[in-house]
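For the sequence shown, this note's numbering begins at 31 and goes up steadily by one.
Every residue, glycine too, gets a C-beta built ideally from N, C-alpha and C.
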Amino acid sequence: MVVFSSYVTPLDRDYGRPTTEDVSTNDVGIGVKDIGWGLPMGIGAVGLQDIAAKIRQGAGALEIQFPGAGAGQRTAQTPGMYGKEHRQALKELAEIAEVNLTTHSSFGIAGLSGMDRYGNFSPEYKKFALSEIKRAIDFAADVADGGPVVVHSGEFPRPISDEPWARDPKAPDGYRFIAYKEEPESAVIGIVDKRTGRVFHQVRKGVEVATPKWKVAETDYTYVAEADYPRLGIRKGDLVHVKKGDYIDYWGRKVAPEDRVPDYDPETGRFKIEMKTWQDFVREAEEINKEKAAKLGRPLRYDEMVLPEEVYIKSTLAVNEAHAKGWALEYARYFDRYVNELRKLEKAYALWKEIEEKTPPEKRYKLAIGPARSELERLGIVPEEKKLPTELIEEQMRLIKREIEHAREASTAQEQQAKDAEMMRKYAESSRKYALRESYEGYAEAGIAAWEATRRKKTKRPIVIAIENLYPENYGGHPE
């Protein structure tokens, strides 16, 4: 059967229209051969055979990725699972197939600040992360003949809304980037003990905090210093100028922020307390940094700045320190008196002991006296008990010794707490500053290791540490 139809069908192209030119594709010189695959070893590929299979499929570039860390597993391999012969075979295979190889370090590494899974910073974890990167560097030198070694970044949790690039006055709510709607008011920032890297406190921005109202000068005035004050560079005899708003002590002398004192209300007999928001701490930090920069005569580096969370925690710890010192004084207030009374009682005991020993037993009852009578004894309900002087003195000595022990232990414990608060205040630091300092050092060490491997193994391409953005809520993953 013959079907007659039109020569031109509705699906045919209209050849009357001009054809597009090749340059209209905006070709930038990247062909199909330049587009490669990422091979997570143990997941996307198990061994050399799988890598060879990918190459035969036409891959022009392969990124050898290592999901594992530490001791490798079949499904999460590490560079250490590939020995000298395996590496040589993979290198030759890539050279023959003209495939470009790059390396990705362990997926288990998220930055070099040393932050562990619990949010603390530890030198051990930082060392572990560096060792994993160095293993990947050696693999890149042996197999890929250099090139990039990709490392995931993510040094520490940070509020996105705090970053300068996240703000935009023209954008809705004033932010170009934000993790969640309530982030500017409710974000949490960690405080680290610099000695250990442990995060010992979390500052929540949306919570108001009760703090002492510090005593400040109400007017401008001057006075002559009666003693040296090294914190502010004041020497005895100097004419000190006090401006309105400067911190002063109860005698009107200018003091540094570290030595400020709470204001006292003589009408109520109490020290003044005020509620502060996060913005109050921001302003206070700006004032401290401004004064510090003026004193140094230059702009402050980031590590020299005082951050709002540091103002908050140091203010809180200063209150705790003062509270502990106050109780230490309270517990030790009568300590000297107790010691003197005990010394007198010991002498009295020795005297009465000698008298009682010289007194015949049948006449010792005449020495017995009644102690301070209780209410029941005065009413005649309970018979009055009489004891020898040494017995009464022993009872009193036992009571005073207990008071001395209580004063000593309680006061010492409070002094220890005060010292702990003082040391914690000294070594408290924002997790942002601590993590950045550790990260700079870590990446510098990784870069040196890459340079040394390049020189030692004479690779064709220099080995470089390629920092890969991962999650924007962690520092290092920048949305811009």
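Which of helix, strand or coil DSSP assigns to residue i
| i | result |
| --- | --- |
| Val291 | coil |
| Arg197 | strand |
| Ile434 | helix |
| Arg394 | helix |
| Gly477 | helix |
| Ser460 | strand |
| Asp172 | helix |
| Lys417 | strand |
| Val179 | strand |
| Arg373 | helix |
| Gly81 | First, the residue type needs correcting, since residue 81 is Ile and not Gly in the sequence shown. Three-state DSSP puts Ile81 in a helix. |
| Leu500 | coil |
| Tyr210 | coil |
Spatial distance of residue i from residue j (CA atoms)
| i | j | result |
| --- | --- | --- |
| Gln447 | Met453 | 10 Å |
| Ala398 | Thr420 | 9 Å |
| Gln118 | Val173 | 7 Å |
| Lys377 | Lys393 | 23 Å |
| Met71 | Thr108 | 8 Å |
| Lys417 | Glu386 | 12 Å |
| Glu384 | Leu429 | 23 Å |
| Arg403 | Ala380 | Because Arg403 sits at a pLDDT of 48, beneath the cut-off of 50, its placement in the model cannot be relied upon, and the point is left open. |
| Ala323 | Arg313 | 15 Å |
| Trp432 | Tyr148 | According to the sequence displayed, residue 432 carries Arg and not Trp. Roughly 45 Å between the two C-alpha positions. |
Neighbourhood of residue i by C-beta, 7 Å cutoff - its chain only, sequence neighbours within 5 removed
| i | result |
| --- | --- |
| Phe151 | Ser143, Gly144, Met145, Val222, Gly227, Tyr464, Ala465 and Glu468 |
| Val270 | Thr252, Tyr253, Ala255, Ile264 and Lys284 |
Proximal residues to residue i (C-beta, below 8 Å), its chain only, five neighbours per side dropped
| i | result |
| --- | --- |
| Val369 | Ile434 |
| Gln103 | Gly72 |
| Tyr332 | Lys463 and Leu466 |
| Ala82 | Leu123 |
| Lys266 | Ala255, Glu256, Ala257 and Asp258 |
Whole-Å CB distance - residue i paired with residue j, under 8 Å assumed
| i | j | result |
| --- | --- | --- |
| Val291 | Lys344 | Actually they are not in contact, since the Cβ atoms of Val291 and Lys344 sit about 15 Å apart, beyond 8 Å. |
| Val179 | Ala496 | 6 Å |
| Ala348 | Gln444 | Contact flag wrong, Cβ pair sits at about 16 Å. |
| His134 | Glu185 | His134 to Glu185, Cβ: 18 Å. No contact. |
| Gly68 | Gly90 | Not confirmed; about 13 Å, so no contact. |
6 Å Cβ shell around residue i - same chain, five flanking residues per side excluded
| i | result |
| --- | --- |
| Arg188 | Tyr505 |
| Val53 | Residue placement at Val53 cannot be trusted, given a pLDDT of 49 that sits under 50; what the coordinates show is reported in the next sentence. Result list for Val53: empty, nothing under 6 Å. |
| Ala286 | Arg261 and Leu262 |
| Gly275 | Val246 |
| Val272 | Ala247, Tyr251 and Lys284 |
| Glu351 | Ala448, Ala451 and Glu452 |
| Thr241 | Lys306 and Ser345 |
| Gly477 | Ile495 |
| Ala140 | His182 and Gly184 |
Every unbroken alpha helix (DSSP H) within the region 311-366, with a cutoff of 4 residues, ordered by chain: 338-361
Inside the region 240-314 only - beta strand (DSSP E) runs reaching at least 3 residues: 251-254, 269-272 and 303-306
Those runs of the alpha helix (DSSP H) which lie wholly inside the region 84-165 and span at least 4 residues: 114-127
Continuous beta strand (DSSP E) assignments of at least 3 residues falling wholly in the region 217-241: 218-223 and 228-234
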